[in-house]
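Peer 1:
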Amino acid sequence: MGVAKTRVLVIDDEPQILRALRINLSVRGYEVTCAASGAEALRSAADHRPDVIVLDLGLPDMSGIEVLAGLRGWLSAPVIVLSARTDSSDKVEALDAGADDYVTKPFGMDEFLARLRAAVRRAAVADADQPVIETSSFTVDLAAKKVTKNDAEVHLTPTEWGMLEMLVRNRGKLVGREELLKEVWGPAYAKETHYLRVYLAQLRRKLEDDPSHPVHLLTEAGMGYRFQE
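For the sequence shown, position 94 matches number 94 in the UniProt record's numbering, and the numbering has no gaps at all.
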């Protein structure tokens with residue numbers, strides 16, 4: 001498997017801006033997903049687990065601040081806000097809601113791309129001190145988002161990685177079913193417990209030496225799941 005592309009979610013209801021950003025980011029090697037509404041944005045964030053988000057404040061179905069609050073409840077990826085509003089109070093509100101940067105429309109593409117690269121770098125620095133977790137069966141590198149077993153890299157889907165990462169970051173602790181669903185799939189999926197059984201079974205098949213008798217990815221009946229080194 002090659003080097004993973006940086007995943008960018010662009011949220012804007014102006015088709016020309018979506019098109020311009022998609023083209024400019026794609027030709028520079030980014031993996032781009034676009035959304036034209038707040039509801040679509042929240043679904044896309046849960047499905048694609050973006051590394052960085054570009055968010056317009058003026059959306060048709062809900063305010064960008066509402067979308068930002070929804071994302072910040074379960075996603076730590078940096079968010080760059082786009083807005084035609086120049087009032088400082090709008091900038092303060094967005095930054096207080098969890099935005100990492102604020103770009104005023106109209107903007108120059110070179111400046112925007114520099115801001116995006118800076119946000120990605122800051123996030124990478126924050127991840128650089130994340131540990132490598134070794135078990136008797138497999139190794140998890142949180143910073144590189146990579147799992148190896150028997151000296152070979154194990155391919156995980158974004159959802160499988162999200163679930164494993166949540167458990168590994170809370171190693172030794174019980175992670176409740178609802179907490180796990182909200183973190184990996186998003187708040188709208190908090191009651192879909194059957195997702196957990198399906199994806200945990202897939203992780204066990206890929207990582208445990210004996211998937212039918214797991215020793216690292218454990219179920220606490222009726223409560224949740226636990227990762228044990």
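By construction, the Cβ of each residue, glycine as well, lies at the ideal position given by its N, Cα and C atoms.
Pull up the distance between the alpha-carbon of M223 and that of M166, whole angstroms please.
Peer 2: Start at 1 with the first residue of the sequence shown, and residue 223 comes out as number 223. Start at 1 with the first residue of the sequence shown, and residue 166 comes out as number 166. In a straight line, the C-alpha of M223 is about 16 Å away from that of M166.
Peer 1: Could you have a look at T159 and say whether DSSP puts it in helix, strand or coil?
Peer 2: Here the question's residue 159 lines up with position 159 in the sequence shown. Reduced to three states, the DSSP call for T159 is helix.
Peer 1: When burial is assigned at 16 or more other CB atoms within 10 Å of the CB, is V3 buried or exposed?
Peer 2: Stepping through the sequence shown from its first residue, residue 3 is reached at position 3. Because the pLDDT at V3 is just 46, under 50, the model does not fix this residue reliably, and the value given afterwards should be weighed accordingly. When all chains shown are included, V3 counts as exposed.
Peer 1: Check whether the stretch 30-47 touches the stretch 182-192, counting contact only when three or more Cβ pairs, one atom from each stretch, lie closer than 8 Å.
Peer 2: Yes: at least three Cβ pairs fall under 8 Å.
Peer 1: Could you pull out every residue in the same chain whose Cβ sits closer than 6 Å to the Cβ of D12, ignoring the five residues on either side in sequence?
Peer 2: In the sequence shown, residue 12 corresponds to position 12, counting from 1. These residues qualify, in order along the chain: L18 and D56.
Peer 1: Taking only the alpha-carbon atoms, compute the straight-line gap between D151 and D210 and give it to the nearest angstrom.
Peer 2: On the sequence shown, residue 151 is found 151 positions in, with the first residue counted as 1. On the sequence shown, residue 210 is found 210 positions in, with the first residue counted as 1. Answer to the nearest angstrom: the Cα atoms are 18 Å apart.
Peer 1: Put T104 into one of helix, strand or coil per three-state DSSP.
Peer 2: Here residue 104 corresponds to residue number 104 of the sequence shown, with the count starting at 1. Of the three classes helix, strand and coil, the one that applies to T104 here is strand, per DSSP.
Peer 1: Starting from S89, follow the alpha helix (DSSP H) in both directions and report where the run begins and ends.
Peer 2: As a working mapping, residue 89 is identified with position 89 in the sequence shown. Unbroken alpha helix (DSSP H) run through S89: S88 to D96.
Peer 1: May I have the straight-line CA-CA distance separating T193 from L200, to the nearest angstrom?
Peer 2: As a working note, residue 193 is residue 193 in the sequence shown. As a working note, residue 200 is residue 200 in the sequence shown. Taking the straight line joining both Cα atoms gives about 11 Å.
Peer 1: For a minimum of 3 consecutive residues, which ranges assigned as the beta strand (DSSP E) are wholly contained in the UniProt DNA-binding region "OmpR/PhoB-type" (130-229)?
Peer 2: Taking only runs of at least 3 residues, the beta strand (DSSP E) segments lying wholly in the UniProt DNA-binding region "OmpR/PhoB-type" (130-229) are 132-134, 139-141, 146-149, 152-154, 174-176, 217-220 and 224-227.
Peer 1: What would DSSP say about D51, mapped onto helix, strand or coil?
Peer 2: Taking the first residue of the sequence shown as 1, we reach residue 51 at position 51. Of the three classes helix, strand and coil, the one that applies to D51 here is coil, per DSSP.
Peer 1: Report the three-state DSSP secondary structure of D12 (helix, strand or coil).
Peer 2: Numbered from its first residue, the sequence shown carries residue 12 at position 12. Of the three classes helix, strand and coil, the one that applies to D12 here is coil, per DSSP.
Peer 1: I'd like the span of the alpha helix (DSSP H) that includes A69, first residue to last.
Peer 2: Within the sequence shown, residue 69 is the residue found at index 69, counting from 1. Counting along the chain, the alpha helix (DSSP H) containing A69 begins and ends at G64 to R72.
Peer 1: Taking all protein chains shown into account, do 16 or more other C-beta atoms lie within 10 angstroms of the C-beta of P15, making it buried, or fewer, making it exposed?
Peer 2: Position 15 of the sequence shown, counting from 1, holds the residue named residue 15. Answer is exposed; the Cβ neighbour count stays below 16.
Peer 1: Out of R226, D51, Y102 and V175, point me to the one whose CA is closest to T86's CA.
Peer 2: Stepping through the sequence shown from its first residue, residue 86 is reached at position 86. If we check each option's Cα against that of T86, Y102 comes out closest.
Peer 1: Whole-angstrom Cβ separation of I65 and R115, contact assumed at under 8 Å?
Peer 2: In the sequence shown, residue 65 corresponds to position 65, counting from 1. In the sequence shown, residue 115 corresponds to position 115, counting from 1. That pair is no contact at about 19 Å.
Peer 1: Spatial neighbours of E37 within its chain, please: CB distance less than 7 Å, with the 5 preceding and 5 following residues excluded, ordered by chain position.
Peer 2: Reading the sequence shown from its first residue, position 37 is the one you call residue 37. First, the residue type needs correcting, since residue 37 is Ser and not Glu in the sequence shown. Excluding residues within five positions, the ones whose Cβ falls inside 7 Å are D13, L59, P60 and D61.
Peer 1: By a C-beta neighbour count over all protein chains shown, 10 Å radius and 16 as the cutoff for buried, is P131 buried or exposed?
Peer 2: Indexing the sequence shown from 1 puts residue 131 at position 131. By the neighbour-count rule (16 or more Cβ atoms within 10 Å), P131 is not buried but exposed.
Peer 1: Applying the 10 Å Cβ sphere with the 16-neighbour rule, what's the burial state of I53?
Peer 2: Looking up residue 53 in the sequence shown gives position 53. Looking at its Cβ environment, which holds 16 or more other Cβ atoms inside 10 Å, I53 is buried.
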